[in-house]
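All remarks here apply to the structure that follows.
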Amino acid sequence: MSRTATRRHNAWPDKPPAHRDAPRDARDDEWAALLEESRASDPRLAGRPAPRVERFTYAVDGADDRTATFYGAAFTAADATPRPGVVLFHTAAGPRDRFVEWMAERLVAAGYTAVVADLYGDAWGSGWDAAWAAGPREQLKDPAVLAERALAALRCAQARPDVDAARCGALGWCLGGRAAVTLASMRPAGLRAAVSFHGVFDAECLREALQTDEPPPGLLLCHGLADPFVPAFEATVAALVERGLPTFASCFPFAKHGFTNPAQALNSADAFAYDAVAAEAAWRRAEEELERLL
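For the sequence shown, position 141 (counting from the first letter as 1) is numbered 141 according to full-length UniProt numbering, and the numbering increases by one without interruption.
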């Protein structure tokens, strides 16, 4: 299993790639504008101070003895009081994503320290480029690699002075939902809750438990029944229950893949769509689980 070392900085690498003068955090300008409009009108953020954002790198020594660098972002309250920590796992677009960072802001407003994980090793939003992202996505098809990176992100969050290491949760969207399910199946110490939003997972992503001294984390699966990317949903739920994980599924009959993200209204692919009703209901269920378990 991986070993993790963290190096905290106020920013990621000093210079972006030659073809870019700033990090990319959305598909395009229209996508970014819609997300910013949605964030600005979010009642959960109304009257709340902006969180502090700390960019940092962390190194993961993999099972192949190679060390890779990953790029995290911590969203914190103004004071350094230890709070329950929540790790956020990104979609296939990578860690530089306005939507995921908006969700991190919601968590800070609710009293958590939020840490956006990096499953790709992507400092500058290269994950929005499908050609670039093909490499890390291929690596993550190996369940051991996904587990290694998900666990490293949790341990990185738990090492922070503003996180109560014994009270942590994980949220994931799409690919990140797979990471959250994988992490829950490992039952790492201190992980009490995990939530998957339209996660793309199956029984192959489940791993062996790291410990059995603590109760297993509660797992909430927010799933759209019109999502074509999770054909083995029921079989995976059965496998999770068989492993003794307290698993709850909130299923939305007409919701498609990506239903929580307002910007998916701009996606012309038939498999994707934003569903405002399902998105609100799913987030409320996640809030309830975090409050109950953390």
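We put the CB at the ideal spot given by N, CA and C, even for glycine.
Next on the checklist: Rounded to whole angstroms, what is the Cα-Cα separation between Asp-122 and Asp-29?
Outcome noted: 20 Å
Item to check | 6 Å Cβ shell around Arg-106 - same chain, five flanking residues per side excluded | outcome: Arg-44
Item to check | Own chain partners of Arg-48 with C-beta closer than 6 Å, once the 5 adjacent residues on each side are dropped | outcome: Ala-109
Checklist entry - Which stretch, first to last residue, makes up the alpha helix (DSSP H) that contains Ser-38? => result 29 to 40
Checklist entry - Is it buried or exposed for Glu-214, if we count other Cβ within 10 angstroms and need 16 for buried? => result exposed
Next on the checklist: If you measure between the beta carbons of Val-60 and Ala-179, is that distance less than 7 Å?
Outcome noted: no
Item to check | Where Glu-289 falls, given that 16 or more other Cβ within 10 Å makes a residue buried | outcome: buried
Item to check | With 16 other Cβ atoms within 10 Å as the buried cut-off, status of Ser-41 | outcome: exposed
Item to check | Cβ pair count under 8 Å reaching 3, the stretch 187 to 197 against the stretch 161 to 170 | outcome: yes
Next on the checklist: According to DSSP, is Leu-245 part of a helix, a strand, or is it coil?
Outcome noted: coil
Checklist entry - What three-state label does DSSP hand Phe-229 in the structure shown? => result coil
Checklist entry - For Leu-220, which beta-bridge partners are listed by DSSP? => result Val-195 and Phe-248
Next on the checklist: Distance check for Asp-25 and Gly-177, CA to CA, integer angstroms please.
Outcome noted: 19 Å
Item to check | Residues of its chain near Asp-202, where Cβ-Cβ distance is below 6 Å and the 5 sequence neighbours each way are ignored | outcome: Ala-232 and Thr-236
Next on the checklist: Once the 5 residues before and after Gly-94 are set aside, which same chain residues still bring their CB inside 6 Å of it?
Outcome noted: Tyr-120, Asp-122 and Gly-127
Item to check | Burial state of Leu-225 (16 or more Cβ within 10 Å) | outcome: exposed
Checklist entry - At a cut of 8 Å, does the stretch 77 to 93 reach the stretch 29 to 39 through at least three beta carbon pairs? => result no
Checklist entry - When DSSP builds the beta bridges, which residues end up paired with Trp-173? => result Phe-197
Item to check | Complete beta strand (DSSP E) runs within the stretch 98 to 183 (minimum length 3 residues, chain order) | outcome: 113 to 116 and 163 to 173
Next on the checklist: Using only the alpha-carbon positions, how far apart do Phe-248 and Arg-285 sit?
Outcome noted: 10 Å
Item to check | Sequence-distant residues of the same chain with beta carbon closer than 6 Å to Pro-217, five excluded per side | outcome: Ala-184, Leu-191, Arg-192, Ala-193 and Ala-194
Next on the checklist: Rounded to the nearest angstrom, what separates Leu-245 and Thr-212 at their Cα positions?
Outcome noted: 11 Å
Item to check | 8 Å contact criterion, which Ala-114 and Leu-88 should meet: CB distance rounded | outcome: 6 Å
Next on the checklist: On the DSSP bridge list, what partners appear for Thr-69?
Outcome noted: Ala-59
Item to check | Chain-order list of residues whose beta-carbon lies under 7 Å from that of Arg-207 (same chain, five-residue window excluded) | outcome: Pro-143, Ala-147, Thr-182, Ser-185 and Met-186
Next on the checklist: By DSSP's criteria, residue 295 is part of a beta bridge. Which residues make up the other side?
Outcome noted: Nothing in the structure corresponds to residue 295, since the chain is present only between 1 and 294.
Checklist entry - Closest by CA to Gly-53, which one among Arg-98, Thr-76, Ala-46 and Ala-68? => result Residue identity check: residue 53 is Val in the sequence provided, not Gly. When each option's Cα is compared against that of Val-53, the closest is Thr-76.
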